[in-house]
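Numbering (my numbering), first residue to last: 69 to 412.
The C-beta atom is built at its ideal place from N, Cα and C for all residues, glycine as well.
All figures in this text were calculated on a predicted structure; none of them were measured in a lab.
Reviewing the structure listed below.
See the structure below:
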C-alpha cells in the first residue's frame, strides 16, 4: 500500500479514534441470514500454485492467514478454530493477533503484519475513501447495546431531548442514528456527549451523568449487573455493521487459504453449538475481558456459520458516512464486497 495512502488513512482515523467500540478502552475488551452461508473448500498454496494443483496436493504445508482482531465477542469463533486445531484440519494456520485498541490494530495493518482484520462498515468506507482497496469477506458476530439508567427513559423514543454518550464519526454513532430512525427520531433530537473511552462511558452512565450510552461486551453485562437497562441493540434492531475484511492484494495471494479459514470458522461454530458452554466459557472470559465474578451472567451469542454482508447494510452505512463527510468518493457496496468465499 502506498505510504501516502496510509498517511491519509491515519489522518482520517483521527476523526474516528474510537472505531474500536468493539474493543475495550482499558484493554480487557447479528442479525443475519444463515441461509447465505456457504463453504468453498479446496487446498491451496500461498500464491505459488494454481487452485487445481493445490487441491490435489493435500500434503502441502498449511498457509498462514494472520488476523488482527480486537478483544470482542466476534473474535471467539476464530480463536476456538485455532485452539481446537480446526484450522490445521483445513490446511490453514490462523495467526491470531489480538490488539487492545483499533489504533494498535491499524498500525499493524499499515505495517503489513496482518492479512485481514475485524472492522465495521464505517471503517470500510474510510479505508476506501483513502484509496485502499479493502474488501469485506464476511460479516462477524458483534453487538452494540444502548443502555440507560434513567427511569424516565423506557424506550428509544424517550431519548428525545436527552444526552447520549458515544464516539462521533464511528460505527457507534451510526448505530445510534439507525436506532433513532427506527423510533421516528433523528440525531438532531438528542444531545451527543463524545467519550471514546468505553470504561468511562459506563462509569458516567452509572453515575447519572448521561441518559444513555452505547456499549459493547463485557461492559453491557457489567452495566446490567449495576442496574442499567438495555433500550436496544444492534441485534434487536436488525443492524449489523461488523465485518471481516482483507486488502484485495491479500485476497489475490491467499484466496484459497481464506476459504479454508472460513471452513475452520464454521467448524468452530458447530463445536460451540454441540458442546456445553462450560467447556469454552473460560476462553470467552479471558479473550473478551469479563470479570470472573460475572461468569454466571454471561450470555454467549448464537453464532452462525459465516455469511456475506447484506448489500443494503453497506449502502445504509455508506449513505450515513456521506452525510458525515467521511465518504466523498463514488464507491458502491459492490465495490467493497469480495466474492472470495461467497459468490455474488
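| Same chain, Cβ closer than 8 Å to residue 206, five either side skipped, listed in chain order | So the qualifying residues of the chain are 311, 312, 330, 374, 375, 376, 377, 409, 410.
| said: Quick check on DSSP: helix, strand or coil for residue 217? | reply: If DSSP states are grouped into helix, strand and coil, residue 217 belongs with coil.
| Stretch pair the region 194-204 + the region 212-225: three plus CB contacts closer than 8 Å | They do not touch, by the three-pair rule.
| field | Whether residue 212 touches residue 243 by CB criterion (9 Å) | value | Yes.
| query | So, using beta-carbon positions, are residue 252 and residue 140 closer together than 9 Å? | reply | Between residue 252 and residue 140, the C-beta gap is not smaller than 9 Å, which leaves the two residues out of contact.
| Nonlocal neighbours in the same chain, by C-beta distance under 8 Å from residue 229, ignoring five residues either side | Once the five neighbours on either side are set aside, the close Cβ partners of residue 229 are 257, 258, 259.
| Just how far apart, CA to CA, sit residue 148 and residue 336? | Going by the C-alpha atoms only, they are around 6 Å apart.
| alpha helix (DSSP H) segment containing residue 293, residue limits | 287-293 is the extent of the alpha helix (DSSP H) around residue 293.
| Three-state secondary structure assigned by DSSP to residue 307 | The answer is coil: DSSP assigns residue 307 none of H, G, I, E or B.
| Cross-strand partners of residue 315 (DSSP beta bridge) | Residue 315 pairs with 202.
| task | Could you tell me whether the Cβ atoms of residue 182 and residue 160 are closer together than 9 Å? | result | Going by C-beta atoms, residue 182 is not nearer than 9 Å to residue 160.
| request: Would you list the residues sitting across from residue 300 in a DSSP beta bridge? | output: Bridge partners of residue 300: 214.
| Touch check for the region 220-237 and the region 292-302: three-plus C-beta pairs under 8 Å? | Result yes; three or more Cβ-Cβ pairs closer than 8 Å.
| message | Can you tell me whether residue 354 is buried or exposed? The criterion is at least 16 other CB atoms within 10 Å of its CB, across all chains shown. | response | Residue 354 comes out exposed.
| Below 8 Å, can you find three or more Cβ-Cβ pairs linking the region 379-387 to the region 400-408? | Short answer: they touch.
| field | C-beta contact flag for residue 189 and residue 167 at 9 Å | value | No, the Cβ-Cβ distance between residue 189 and residue 167 is not below 9 Å.
| request: With DSSP as the reference, label residue 208 as helix, strand or coil. | output: Collapsing the DSSP output to three states places residue 208 in coil.
| field | The alpha helix (DSSP H) enclosing residue 403, as first and last residue numbers | value | Run containing residue 403: 401-404, per the alpha helix (DSSP H) assignment.
| field | Residue(s) in a DSSP beta bridge with residue 132 | value | When beta bridges are read from the DSSP output, residue 132 appears opposite 161.
| C-alpha gap between residue 238 and residue 318, whole angstroms | When only Cα atoms are considered, residue 238 and residue 318 end up about 25 Å apart.
| First and last residue of the uninterrupted beta strand (DSSP E) at residue 233 | Boundaries of the beta strand (DSSP E) around residue 233: 231-234.
| request: Could you work out which residue in 328, 368, 363, 326 is closest to residue 413 when comparing CA atoms only? | output: The structure shown has nothing for residue 413, since the chain only spans 69 to 412.
| task | Taking only the alpha-carbon atoms, compute the straight-line gap between residue 264 and residue 240 and give it to the nearest angstrom. | result | Each residue's Cα considered, the two are about 10 Å apart.
| Excluding the five sequence neighbours on either side, which residues of its own chain have a C-beta within less than 6 Å of the C-beta of residue 325, listed in chain order? | When the five nearest sequence neighbours on each side are left out, the beta carbons in the same chain lying within less than 6 Å of the beta carbon of residue 325 are those of 112, 131, 133, 160, in order along the chain.
| query | Which one or two residues does DSSP pair with residue 273 in a beta bridge? | reply | BP columns for residue 273 are empty, so no partner.
| request: For my contact list, residue 165 and residue 176 are in at a C-beta cut-off of 8 Å; report their separation, rounded to the angstrom. | output: Indeed they touch by this definition, with Cβ atoms about 7 Å apart.
| Buried or exposed: where does residue 381 fall if 16 or more other Cβ atoms within 10 Å of its Cβ makes it buried? | It is buried - the Cβ of residue 381 has at least 16 other Cβ atoms within 10 Å.
| Start and end of the alpha helix (DSSP H) containing residue 260? | Per DSSP, residue 260 belongs to no alpha helix (DSSP H); it is in the beta strand (DSSP E), 259-262.
| field | Of the listed residues 372, 320, 254, nearest to residue 339 (C-alpha basis) | value | For the residues 372, 320, 254, the minimum Cα distance to residue 339 belongs to 372.
| With 16 as the cutoff for other CB atoms within 10 Å, does residue 196 come out buried or exposed? | Per the 10 Å Cβ criterion, buried.
| Check: residue 269 C-beta below 8 Å from any heavy atom of the ligand SAH | Of ligands this structure carries none, so the ligand SAH is not represented either.
| field | Cut-off 7 Å between Cβ atoms - residues of its own chain near residue 392, not counting five sequence neighbours on either side | value | Cβ contact annotation for residue 392 (same chain, cutoff 7 Å, sequence separation greater than five): 237, in chain order.
| task | Take the Cβ of residue 158 as the centre, count every other Cβ of all protein chains shown within 10 Å, and call the residue buried at 16 or more, exposed below. | result | Classification for residue 158: buried.
| Proximity below 9 Å, CB of residue 358 to CB of residue 145 | The Cβ atoms of residue 358 and residue 145 lie no closer than 9 Å to each other.
| said: Does residue 351 pass the burial test, meaning 16 or more other C-beta atoms within 10 Å, or should it be called exposed? | reply: Residue 351 comes out exposed.
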